[in-house]
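Asker: Numbering (the UniProt record's numbering), first residue to last: 1 to 136.
Yeah, the Cβ is synthetic: ideal placement off N, Cα and C, and Gly gets one too.
Dumping the structure here so I can ask a few things about it.
Below, the structure is given as structure tokens:
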């Protein structure tokens, strides 16, 4: 798993980090127990501000995707509970699609396709590796 940061993207860098880590969890590339780079290391690797990485990690922790530990740093947490924040984001995303006249069938088709993608990636990753490791 590696991050690809697009400095010129309209999406804030901290959200790029957050989203890609969540996608890594969903695809099985970042299983529970996997250690993430330290805030300082990740900031240094990408030449970005420490506070940007800290903001992403803080958000991931509040949402239940990682645990921040003093001695071991950021670690992927097991099965995060669904939060009202997630439901609110889902509602907004569906409202955007509805406002742009995307049909219910198309929304469901795309949701199923994305879920299938994650399921296949997780299965593939499970076959290739069975124990948690550090970020690589």
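1. In terms of alpha-carbon separation, which member of 7, 12, 24 and 9 lies closest to residue 126?
2. Do residue 76 and residue 142 come within 7 Å of each other at the CB atom, strictly closer than that value?
3. For residue 74 versus residue 36, is the C-beta spacing smaller than 7 Å?
4. Applying the 10 Å Cβ sphere with the 16-neighbour rule, what's the burial state of residue 52?
5. Identify the residues that DSSP records as bridge partners of residue 35: which are they?
6. With H, G and I counted as helix, E and B as strand and the rest as coil, what does DSSP make of residue 69?
7. Pull up the CB-CB distance for residue 60 and residue 21, whole angstroms please, since I reckon it's below 8 Å.
8. Where residue 56 and residue 91 are concerned, what is the direct C-alpha to C-alpha distance, given to the nearest angstrom?
9. Below 7 Å between beta carbons: does that hold for residue 118 and residue 38?
10. Is it buried or exposed for residue 2, if we count other Cβ within 10 angstroms and need 16 for buried?
11. Kindly indicate which residue of 84, 100, 7 and 114 has the alpha-carbon position closest to the one of residue 49.
12. Straight-line CA distance for residue 67 to residue 82?
13. Run through DSSP, which three-state label would residue 24 get?
Answerer: The structure says:
1. 24
2. One cannot answer for residue 142 here, as it falls past the ends of the chain, which runs 1 to 136.
3. yes
4. buried
5. 75
6. strand
7. 6 Å
8. 22 Å
9. no
10. exposed
11. 7
12. 16 Å
13. helix
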